[in-house]
Amino acid sequence: MPKDNALADPPASGGDDACAPEPVVRLEAVTLRLRERRILAGTDWTIRPGERWAVLGPNGAGKTTLVRALTGEVPVVGGRLRPAEPQRLRSQSALVSFERGRRLLLRAEAHARGRDFAGDPDPGLRVEDLLPPERSGAREAAAQAGLGIERLRGRRIAELSTGELRRLQIALALAAAPRLLILDEPCEGLDAEARAALAAQLGWRLPRECALVWVTHRPEELPAGITHLLAVREGRVVFQGRAGQEAWARLGEMLAPPAVRPARPPYGAGGGRTGEVRIALRGVRVMHRGATVFEDFSWTVRDGEHWAVLGPNGSGKSTLLRLVTGEHPQAYANRIEVLGARLGGGRTLREHRRDIGWVSAELHVGYSAAATARDVVLSGRFDSIGLYRRVPEEACAAACRLLAELGARELAERPFLQLSAGEQRLVLLARALVKPPRILILDEPCQGLDPLHRRRFLDAVDRFAAAGRATVICVAHEEGDLPGCITHRLRLVRPAGGPTRAGVEGERRRAVPD
Numbered sequence: 003m004p005k006d007n008a009l010a011d012p013p014a015s016g017g018d019d020a021c022a023p024e025p026v027v028r029l030e031a032v033t034l035r036l037r038e039r040r041i042l043a044g045t046d047w048t049i050r051p052g053e054r055w056a057v058l059g060p061n062g063a064g065k066t067t068l069v070r071a072l073t074g075e076v077p078v079v080g081g082r083l084r085p086a087e088p089q090r091l092r093s094q095s096a097l098v099s100f101e102r103g104r105r106l107l108l109r110a111e112a113h114a115r116g117r118d119f120a121g122d123p124d125p126g127l128r129v130e131d132l133l134p135p136e137r138s139g140a141r142e143a144a145a146q147a148g149l150g151i152e153r154l155r156g157r158r159i160a161e162l163s164t165g166e167l168r169r170l171q172i173a174l175a176l177a178a179a180p181r182l183l184i185l186d187e188p189c190e191g192l193d194a195e196a197r198a199a200l201a202a203q204l205g206w207r208l209p210r211e212c213a214l215v216w217v218t219h220r221p222e223e224l225p226a227g228i229t230h231l232l233a234v235r236e237g238r239v240v241f242q243g244r245a246g247q248e249a250w251a252r253l254g255e256m257l258a259p260p261a262v263r264p265a266r267p268p269y270g271a272g273g274g275r276t277g278e279v280r281i282a283l284r285g286v287r288v289m290h291r292g293a294t295v296f297e298d299f300s301w302t303v304r305d306g307e308h309w310a311v312l313g314p315n316g317s318g319k320s321t322l323l324r325l326v327t328g329e330h331p332q333a334y335a336n337r338i339e340v341l342g343a344r345l346g347g348g349r350t351l352r353e354h355r356r357d358i359g360w361v362s363a364e365l366h367v368g369y370s371a372a373a374t375a376r377d378v379v380l381s382g383r384f385d386s387i388g389l390y391r392r393v394p395e396e397a398c399a400a401a402c403r404l405l406a407e408l409g410a411r412e413l414a415e416r417p418f419l420q421l422s423a424g425e426q427r428l429v430l431l432a433r434a435l436v437k438p439p440r441i442l443i444l445d446e447p448c449q450g451l452d453p454l455h456r457r458r459f460l461d462a463v464d465r466f467a468a469a470g471r472a473t474v475i476c477v478a479h480e481e482g483d484l485p486g487c488i489t490h491r492l493r494l495v496r497p498a499g500g501p502t503r504a505g506v507e508g509e510r511r512r513a514v515p516d
């Protein structure tokens with residue numbers, strides 16, 4: 003239970019009492035349809051102005067489908083939803099979610115393609131294009147969210163980091179002054195400063211008449227003032243009521259968090275053998291729109307080492323990983339060697355990535371192939387989006403075993419695009435391991451995972467590393483999202499107006515220029 007919400011049990015809700023305010027939205031014995039599936043049958047839920055709801059439950063339980071129904075995005079095939087008009091539902095609500103972020107990025111890409119086709123040198127959809135007009139009340143609300151949006155004004159949407167994109171979504175939602183604000187895993191991708199700013203904004207500055215619905219796998223991230231709880235499991239609501247000690251205790255029993263992972267050795271302890279250089283960046287310089295991101299930056303990773311890359315949003319973590327994978331165009335203008343071969347030294351990008359497995363938000367957003375979860379896993383053998391080759395039966399069986407190891411065997415034959423965001427992330431994690439790779443790159447891999455699947459994945463990475471199969475590079479904002487195999491840490495900080503600076507912690511300290 004989050005300590006900020008450790009309240010004494012409040013009195014029972016007023017229910018349909020005549021004195022209670024008119025609901026913002028009400029579900030009466032509702033059944034929803036998600037493509038060909040019917041879920042959440044017979045659900046009742048009333049949300050009134052000023053209520054602060056926390057929605058909890060494991061991956062695939064139906065949380066996102068339920069809150070999307072509040073915006074009119076999911077068909078109601080039984081019962082009643084009030085207001086019934088989808089347009090009214092949309093106009094009174096604001097939703098922040100992974101899927102909404104995906105749509106925003108795809109919109110930016112479509113905008114850029116259209117401009118390219120027309121021969122227009124337009125730089126693409128920018129943050130400024132989405133912000134409310136200058137000197138408007140909505141613009142002031144976006145700025146006062148405390149999420150640093152004004153600093154992003156000139157940036158292109160396509161170049162925002164995962165955390166920066168999420169901050170933009172949240173600020174735009176707050177600026178819309180909705181009657182119902184729905185935040186689906188809003189802290190995923192946010193650094194500690196941004197999470198604290200969001201909690202402060204929603205805990206103390208949200209208008210009293212605005213209802214809040216916060217969906218999360220991490221109760222510790224909830225802001226102060228949560229008034230109601232709702233839990234979903236296996237496609238049905240298993241609990242709802244006023245927040246309080248007793249309610250949190252009941253939820254703990256219902257959701258049954260997994261056993262705590264064994265204590266991990268301190269990073270740097272027992273790192274095992276070290277030897278040949280696997281990754282080497284020497285004097286790297288990266289510029290972006292006239293600003294220096296990296297200047298004279300060097301980093302060496304050896305066999306037997308496993309690195310965490312840490313730092314706030316916008317510090318260059320994802321840029322660094324894209325240099326290693328060869329996705330960043332400036333990688334080929336620098337001295338970068340991976341597994342003994344220099345980028346741009348005659349090998350194709352496909353050859354370069356042959357021994358690299360990776361997971362990132364960009365891969366997740368861009369993976370839109372119509373394929374089963376098993377085929378998505380198998381596509382990792384070929385670094386393709388979708389599976390376009392026949393594979394032997396033993397490879398198919400290995401993919402299913404890998405899904406089973408992550409607790410996701412039942413997803414194998416389901417269409418990837420019909421899975422929840424957390425389930426999709428699990429499948430992409432299996433895809434990263436299927437080769438198996440010699441370098442495993444994980445860019446915030448635990449985004450959207452519930453505690454059970456988070457533990458299973460991190461344990462799988464630890465077993466993978468212990469077998470000596472791969473060097474692990476992991477970006478994370480939370481200590482609990484790092485695998486136990488980590489031996490070294492690279493901390494990145496980017497001062498305002500200057501290049502990224504780095505510091506190293508671990509068994510051996512190698513100089514990284516300031």
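Position in the sequence shown counted from 1, then plus 2, gives you our numbering.
Beta carbons are placed, not taken as given, at the ideal position from N, Cα and C, and that holds for glycine.
Point to revise | Residue from Ala375, Arg304 and Cys212 with nearest C-alpha to Thr473 | key: When only C-alpha atoms are compared, the closest one is Arg304.
**Study point:** With 16 other Cβ atoms within 10 Å as the buried cut-off, status of Glu425
**Key:** buried
**Study point:** CB-CB length for Ser362 against Asp445, believed under 8 Å
**Key:** 4 Å
Point to revise | DSSP-derived helix/strand/coil call for Glu446 | key: coil
Practice item. Taking 8 Å as the threshold, find out whether the segment 193-201 comes into contact with the segment 173-181 through three or more Cβ pairs. Key: no
Review point. I think Gly328 touches Arg355, with their Cβ atoms under 8 Å apart; what is that distance to the nearest whole Å?
Key: 7 Å
Review point. Would Glu211 be called buried (16 or more neighbouring beta carbons within 10 Å of its own) or exposed?
Key: Label assigned to Glu211: exposed.
Review point. Just curious, the beta strand (DSSP E) that Arg84 is in, first and last residue?
Key: Val78 to Arg84
**Study point:** C-beta atoms of Ser320 and Leu494 nearer than 7 Å
**Key:** Against a cut-off of 7 Å, the Cβ pair of Leu494 and Ser320 comes out as no contact.
Point to revise | DSSP three-state assignment for Asp381, whether helix, strand or coil | key: According to the sequence shown, residue 381 is Ser rather than Asp. Three-state result, Ser381: helix.
Review point. So, Val340 versus Val217, is the Cβ gap smaller than 7 Å?
Key: no
**Study point:** Residue from Pro439, Gly165, Pro485 and Leu224 with nearest C-alpha to Trp309
**Key:** Pro485
Check your understanding: Apart from the five residues on each side of it in sequence, which residues of its chain come closer than 8 Å, Cβ to Cβ, to Gly368?
Key -> Hits under 8 Å: Ile387.
Point to revise | Alpha-carbon spacing of Leu154 relative to Glu297, whole angstroms | key: If you take the alpha carbons of Leu154 and Glu297, they lie about 22 Å apart.
Point to revise | From Glu130, Val378, Ala401 and Thr502, residue whose alpha carbon lies closest to that of Tyr390 | key: In terms of Cα proximity to Tyr390, the closest of Glu130, Val378, Ala401 and Thr502 is Val378.
Review point. Would you report the Cα separation of Pro23 and Glu166, rounded to the nearest angstrom?
Key: Taking the straight line joining both Cα atoms gives about 36 Å.
Check your understanding: Which same chain residues, not among the five before or five after Gly103, have their C-beta less than 7 Å away from its C-beta?
Key -> Leu167, Arg168 and Gln171
Exercise for review: Would you tell me roughly how many angstroms separate the C-alpha atoms of Arg503 and Cys448, rounded to the nearest one?
Suggested key: 26 Å
Exercise for review: Identify whether Val368 lies in helix, strand or coil by the three-state DSSP scheme.
Suggested key: Just to set this straight, residue 368 is Gly in the shown sequence, not Val. Collapsing the DSSP output to three states places Gly368 in a helix.
Check your understanding: Quick one: what does DSSP say Ala537 is sitting in, helix, strand or coil?
Key -> With the chain represented from 3 up to 516, any question about residue 537 goes unanswered, as that position is not in the structure.
Review point. Considering Thr67, what are the terminal residues of the beta strand (DSSP E) in which it resides?
Key: Secondary structure note for Thr67: it is in no beta strand (DSSP E), and the uninterrupted alpha helix (DSSP H) holding it is Lys65 to Ala71.
Check your understanding: First and last residue of the alpha helix (DSSP H) that includes Leu484?
Key -> Counted as a single uninterrupted DSSP element, the stretch harbouring Leu484 is not any alpha helix (DSSP H), since DSSP gives it neither H nor E.
Point to revise | Own chain residues within Cβ distance below 6 Å of Glu415, not counting five before or after | key: Excluding five sequence positions before and after Glu415, the CB atoms of its chain that fall closer than 6 Å to its own CB belong to Thr374, given in chain order.
Check your understanding: Any idea if Thr350 is buried or exposed, counting beta-carbon neighbours within 10 angstroms, 16 or more meaning buried?
Key -> exposed
Review point. What span of residues does the alpha helix (DSSP H) with Asp461 cover, start to end?
Key: Pro453 to Ala468
Practice item. Rounded to whole angstroms, what's the CA-CA distance from Pro209 to Ala410? Just pull it up for me. Key: 41 Å
Check your understanding: From the DSSP output, which residues share a beta bridge with Pro417?
Key -> Thr374
**Study point:** Rounded Cβ spacing between Ala282 and Thr302 (contact assumed at less than 8 Å)
**Key:** 5 Å
Review point. For Leu419, which of Leu431, Glu101, Gln89 and Arg252 has the nearest alpha-carbon?
Key: Glu101
Point to revise | Bridge partners - Met256, DSSP secondary structure assignment | key: DSSP lists no partner for Met256.
Review point. How should Gln203 be labelled, buried or exposed, when 16 other C-beta atoms within 10 angstroms of its C-beta is the threshold for buried?
Key: buried
Check your understanding: Below 8 Å, can you find three or more Cβ-Cβ pairs linking the segment 23-32 to the segment 216-234?
Key -> no
Point to revise | Coarse secondary structure for Ala410, derived from DSSP in three states | key: coil
Check your understanding: So who's on the other strand from Ser1, going by DSSP bridges?
Key -> What the structure shows of the chain is the stretch from 3 to 516, and residue 1 is not part of that stretch, so it cannot be assessed.
**Study point:** Separation of Gly191 from Val436, as counted between CA atoms
**Key:** 25 Å
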